[in-house]
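Protein chains in written order, with the working numbering: chain A, 4 to 477; chain B, 7 to 403.
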């Protein structure tokens with residue numbers, strides 16, 4: 004039977020203070036902070052980071068990558084395939100985008116469990132992320148945050164068995180975005196809660212408990228998503244869950260992370276779970292998916308990586324102007340510096356392995372790992388001049404040290420000043436690259452770094468993903 | 007391999023005023039530089055038997071040289087990034103040695119200020135690749151790629167950032183002083199160390215005055231067989247050595263490169279010293295025009311070219327070794343820093359200054375009894391370089 008094998012999470016570094024937003028507009032508003040994806044991040048890059056975090060806790064090969072989001076980078080072109088390429092998955096891996104519903108994460112989990120139970124897949128990695136935008140000065144601007152989470156579903160070694168699952172759909176119009184909407188639209192708040200969220204969730208949770216003959220007090224943790232803190236607390240009250248049982252939804256720390264939210268909460272719950280714990284988990288949106296999970300003795304396997312709580316605590320506050328610029332909510336002056344030339348689709352295709360998963364080569368004669376600084380193929384060894392005698396060598400998973408750097412006022416970035424430098428990888432190889440998510444006060448020669456998949460600047464509507472270095476979290 | 011020492015002489019040179027020449031197109035710059043050179047050499051345009059035009063961005067092919075209206079002679083455009091002007095001189099020299107012609111024109115031009123943007127148009131962002139894979143990789147500016155050297159130099163030689171920046175500032179101050187004595191320089195102002203230190207940062211640790219000017223300009227040389235030289239003028243300048251050394255991005259790919267020297271510079275200068283028979287460059291070279299695109303590069307060049315022992319450029323900067331009155335004046339005309347840097351013209355602009363100095367015609371900048379002069383260019387940057395060295399002298403032998 005399918006179960007959860009690993010979990011992962013990603014919370015972007017940046018936070019927006021909701022008090023600053025209220026002060027800016029001169030209105031009384033929400034308190035707390037929301038997590039903000041960097042100017043070079045989107046749902047796809049955040050999902051990639053969460054998937055890597057998940058994978059680092061359980062290095063098992065997977066048969067597929069399911070990407071769940073309502074904010075995919077393309078209307079036409081699969082996001083999951085881009086992530087699978089960045090993760091360097093086997094070519095026969097199945098890639099699927101689950102989208103258009105805030106429940107896409109739990110829908111993808113159920114689909115993954117079905118694939119495993121049918122015997123057609125051993126392990127599927129589900130990565131959910133969202134980066135939804137609320138109109139400035141509005142309720143959803145304060146409410147929504149950015150983040151990602153991942154769950155690996157498979158037949159073993161399982162950290163939590165899926166003992167039961169139950170789903171319904173509902174054609175209920177609470178939140179929506181049409182193709183023309185940049186911002187989340189919504190029906191009246193009271194209506195959404197009393198006729199949509201609460202009755203739907205109550206129905207599904209009661210039904211799955213009835214199927215498994217369980218009662219509210221049987222669960223060590225209850226994990227479910229909601230639009231906001233009020234509806235979240237109200238459902239817990241109506242269902243008779245004790246406050247200690249209910250998983251913290253992180254609304255005040257990072258906001259509602261959409262498709263990622265239930266999985267992010269589940270990841271945090273499992274990080275703190277004990278063997279034999281019973282966990283009730285539900286995702287809401289256009290219906291509901293509910294699961295009953297039983298934690299196994301393998302649960303210790305997922306420890307060792309930074310926890311969700313630690314990731315949430317590592318925030319760096321940005322000002323509102325930066326947020327508005329990053330989300331392209333204000334027109335800003337274009338740079339007076341020369342424009343970069345457009346990325347070439349054909350060149351990207353030719354060097355796809357190098358660009359997607361940061362592959363270089365290692366010379367079979369002299370053993371030197373090498374990566375070309377501008378993404379060209381290396382045919383002749385720069386050290387021993389041996390020709391076409393290389394093995395592929397992946398750099399994206401290598402850590403490194405900053406050999407030298409410049410704080411670059413001229414680098415095209417929406418988070419000036421830019422930082423770029425020379426990264427020397429542990430085990431050999433060097434790359435001159437951009438850095439991101441840095442704290443300028445802490446940058447120094449020798450700083451440990453890791454690689455992260457990001458959006459580079461965009462041309463011709465093509466999203467130019469590549470790798471940057473970022474300081475290694477201690 | 008044959009030594010080219012004393013086989014070719016420069017008998018005429020021209021150089022436009024460098025700067026933001028809003029009123030001048032490529033054609034004006036070319037005509038101005040070429041006709042000064044023709045007049046200086048006492049030749050007519052019809053005497054030119056072959057020409058090499060160097061430019062990076064200001065024209066494709068030798069048709070770029072059509073404003074001179076030379077009549078159906080062999081012409082070739084050359085390009086080697088910031089070493090382009092020196093490359094034109096190299097091609098013309100080689101052709102004369104090969105016997106393909108006796109009188110040739112080497113000319114370099116760049117019209118950067120028609121770009122409509124600040125900075126250098128073209129692959130100013132180093133990650134952009136000229137060959138079509140453009141825009142995939144990282145974006146970092148040219149100043150940043152030299153800032154890596156400053157960061158690393160300060161780190162390796164234990165200089166506090168303020169201490170290191172003050173040393174670099176002294177180079178900017180020296181070059182601006184020299185440029186202030188030069189009406190053809192882009193900038194004619196003196197600077198103080200404090201001004202340099204307080205200027206806005208461009209790519210830490212480099213500030214505005216650590217970076218050279220983006221300029222329009224052209225420079226030209228008439229080269230002839232050495233045995234003909236005295237029939238053109240009494241004071242021809244003889245080419246002693248030409249060398250070029252091009253990397254294969256070793257420093258950008260391999261960890262064994264240190265970012266506190268540039269291997270291409272070291273090897274190009276050694277090759278040139280060997281050709282010219284120079285054993286002790288610091289003692290034997292009278293003056294040098296080096297590629298101070300950023301002050302840190304001039305500092306590292308003192309060591310790369312063998313003027314200062316490795317890691318000890320600081321002592322020579324503090325002692326004033328490279329000032330106009332010093333033991334080995336460097337960038338007597340203001341350098342790229344103050345004279346300006348129209349890419350394709352710079353190599354020949356450097357030669358123009360050496361030529362005038364060796365003839366004793368450098369006016370208020372004239373140094374005492376020069377005998378041998380060196381020009382140096384670097385295309386690209388640390389880790390990915392094209393280094394060129396030329397040595398010339400005012401006497402044979």
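Glycine residues also receive a C-beta, built at the ideal position from the N, C-alpha and C atoms.
Taking just the CA atoms, how far does residue j sit from residue i?
i              : j              : result
residue 423(A) : residue 228(B) : 43 Å
residue 316(A) : residue 390(B) : 41 Å
residue 244(A) : residue 434(A) : 53 Å
residue 440(A) : residue 332(A) : 21 Å
residue 278(B) : residue 386(B) : 20 Å
residue 417(A) : residue 328(A) : 7 Å
residue 251(B) : residue 56(A)  : 46 Å
residue 403(B) : residue 235(B) : 15 Å
residue 84(B)  : residue 59(B)  : 6 Å
residue 139(B) : residue 321(B) : Because residue 139(B) sits at a pLDDT of 38, beneath the cut-off of 50, its placement in the model cannot be relied upon, and the following sentence gives the value as read from the coordinates. Going by the C-alpha atoms only, they are around 44 Å apart.
residue 436(A) : residue 170(A) : 46 Å
residue 327(B) : residue 307(B) : 14 Å
residue 22(B)  : residue 39(B)  : 5 Å
residue 279(A) : residue 303(A) : 13 Å
residue 363(A) : residue 289(B) : 46 Å
residue 43(B)  : residue 275(B) : 27 Å
residue 65(A)  : residue 93(A)  : 8 Å
residue 474(A) : residue 144(A) : 29 Å
residue 258(B) : residue 114(B) : 29 Å
residue 111(A) : residue 67(A)  : 11 Å
residue 130(B) : residue 147(B) : Annotation note: pLDDT 39 at residue 130(B) (below 50); position unreliable, no value reported.
residue 71(B)  : residue 96(A)  : 58 Å
residue 219(A) : residue 20(A)  : 36 Å
residue 134(B) : residue 116(B) : Residue placement at residue 134(B) is flagged as unreliable, the pLDDT there being 43, under the threshold of 50; a coordinate-derived value is accordingly withheld.
Considering only C-alpha positions, which residue in the set the options is nearest to residue i?
i              : options                           : result
residue 348(A) : 143(A), 464(A), 166(A) and 361(A) : 464(A)
residue 312(B) : 67(B), 281(B) and 272(B)          : 272(B)
residue 167(A) : 246(A), 123(A), 419(A) and 217(A) : 217(A)
residue 48(A)  : 150(A), 17(A), 58(A) and 124(A)   : 150(A)
residue 79(A)  : 100(A), 233(A), 321(A) and 93(A)  : 100(A)
residue 395(A) : 373(A), 238(A), 401(A) and 114(A) : 373(A)
residue 444(A) : 410(A), 469(A) and 414(A)         : 410(A)
residue 421(B) : 199(B), 340(B) and 25(B)          : In the structure displayed, chain B extends from 7 to 403; residue 421(B) sits before or after that span and is not available.
residue 188(B) : 108(B), 394(B) and 371(B)         : 371(B)
residue 378(B) : 225(B), 360(B), 369(B) and 172(B) : 360(B)
residue 159(B) : 246(A), 119(A) and 407(A)         : 407(A)
residue 369(A) : 159(A), 353(A), 388(A) and 460(A) : 388(A)
residue 356(B) : 394(B), 82(B) and 176(B)          : 394(B)
residue 293(B) : 323(B), 64(B), 334(B) and 99(B)   : 334(B)
residue 73(A)  : 160(A), 106(A) and 53(A)          : 106(A)
residue 354(A) : 88(A), 61(A) and 38(A)            : 88(A)
residue 186(B) : 330(B), 99(B), 348(B) and 111(B)  : 330(B)
residue 391(A) : 137(A), 399(A), 124(A) and 381(A) : 381(A)
residue 249(A) : 155(A), 271(A) and 256(A)         : 271(A)
Tell me whether the beta-carbon of residue i lies closer than 9 Å to the beta-carbon of residue j.
i              : j              : result
residue 243(B) : residue 365(B) : yes
residue 223(B) : residue 346(B) : yes
residue 425(A) : residue 154(B) : yes
residue 295(A) : residue 211(A) : yes
residue 338(B) : residue 363(B) : yes
residue 248(B) : residue 95(B)  : yes
residue 318(A) : residue 22(A)  : no
residue 6(A)   : residue 221(A) : no
residue 157(A) : residue 10(A)  : no
Sorry if obvious, but does the Cβ on residue i come closer than 8 Å to a heavy atom of the ligand GTP?
i              : result
residue 192(A) : Among the components modelled here there is no ligand, and therefore nothing to report on the ligand GTP.
Check: Is the number of C-beta pairs between the segment 205-225 of chain A and the segment 285-293 of chain A that are closer than 8 Å three or more?
Finding: Judged by Cβ distances under 8 Å, the segment 205-225 of chain A makes contact with the segment 285-293 of chain A, as three or more pairs qualify.
Margin query: Ignoring anything shorter than 3 residues, give me the beta strand (DSSP E) runs that lie fully in the segment 197-269 of chain A, in order along the chain.
Written below: Listed in chain order, they are 224-227.
Check: Does the pairing of the segment 341-359 of chain B with the segment 296-314 of chain B give three or more beta-carbon distances under 8 Å?
Finding: Short answer: they touch.
Next item on the list: Count the CB pairs spanning the segment 115-126 of chain A and the segment 195-214 of chain A that are closer than 8 Å, and state whether there are at least three.
Entry: With a cut-off of 8 Å on Cβ pairs, the segment 115-126 of chain A is not in contact with the segment 195-214 of chain A, counting fewer than three such pairs.
Margin query: Using 8 Å as the cut-off, can you tell me whether the segment 202-219 of chain B makes contact with the segment 169-179 of chain B, which would need three or more C-beta pairs spanning the two stretches below that distance?
Written below: These segments touch.
Next item on the list: Would you mind listing the alpha helix (DSSP H) stretches within the segment 93-179 of chain A that are 4+ residues and don't spill past its ends, in chain order?
Entry: Qualifying alpha helix (DSSP H) stretches, in chain order: 107-120 and 142-146.
Check: Which runs of the alpha helix (DSSP H) spanning at least 4 residues fall entirely within the segment 298-331 of chain A, listed in chain order?
Finding: The segment 298-331 of chain A contains these whole alpha helix (DSSP H) runs: 311-316 and 323-329.
Next item on the list: Ignoring anything shorter than 3 residues or poking outside the segment 350-379 of chain A, list the beta strand (DSSP E) runs there in chain order.
Entry: Those beta strand (DSSP E) runs which fall completely within the segment 350-379 of chain A and span 3+ residues are 362-366.
Next item on the list: Can you check the segment 302-390 of chain B for any alpha helix (DSSP H) of at least 4 residues that lies completely inside it and give the ranges in chain order?
Entry: Listed in chain order, they are 319-325, 341-345 and 352-364.
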